[in-house]
Every structure is written in structure tokens, then in C-alpha cells.
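Shown next, in C-alpha cells, is the structure this report addresses.
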Amino acid sequence: MLDALLAAEELPEEYRDRHQDILCNDCDRKGTSRFHWLYHKCGSCGSYNTRLIKRETHSSNS
């Protein structure tokens with residue numbers, strides 16, 4: 001359900017290339033997630049039970 005919501009949502013251009021460092025509360029792995037105000041998906045296990053550990057990082061493509 002959250003995957004579909006995030007796929008349909010269009011962020012303002014200034015936020016599209018931003019990423020945030022997260023820690024997953026389910027698998028205890030660190031990773032990065034695309035910027036969002038509320039939801040951050042773990043790239044390892046797919047859980048949204050995550051917390052931010054670094055607010056904003058810019059994509060290396062910018």
C-alpha cells in the first residue's frame with residue numbers, strides 16, 4: 001500500500017534527487033532512502049519501520 005502511494009506521489013523538483021540515511025528497526029541495517037517527509041523504505045528488507053540517522057544527502061548525480 002505504501003509502495004503504491006509513494007510511486008504515485010510527485011515530490012517538488014528541489015527534493016527529487018535528495019536521499020536520507022536510515023536505520024531499519026527490523027533488520028538493523030543502515031542504508032539510504034529517497035527523500036520523503038514521512039516514509040522511508042529499507043532497501044534490505046523492504047520494511048518502513050525505519051528511522052532517520054542523517055537528514056539530507058544530495059545524490060551524487062547532482
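In this text, residue positions in the sequence shown follow UniProt numbering: the first is 1, and each later residue adds one. For glycine and all other residues, C-beta sits at the position ideal for the given N, C-alpha and C.
Check: Quick one: what's Ser-33 bridged to in DSSP?; Outcome: Gln-20
Check: Just mark Ile-53 as buried or exposed, buried being the case when its beta carbon has 16 or more other beta carbons within 10 Å.; Outcome: exposed
Check: Report back the beta-carbon spacing between Asp-26 and Cys-42 to the nearest angstrom; my notes put them in contact at under 8 Å.; Outcome: 7 Å
Check: Quick one: what does DSSP say Leu-52 is sitting in, helix, strand or coil?; Outcome: strand
Check: Within the same chain, show all residues whose beta-carbon is closer than 6 Å to that of Asn-49, passing over the 5 residues directly before and after it, in chain order.; Outcome: Asn-25, Asp-26
Check: Between the Cα of His-19 and the Cα atoms of Cys-45, Trp-37, Ala-7, which residue gives the shortest distance?; Outcome: Trp-37
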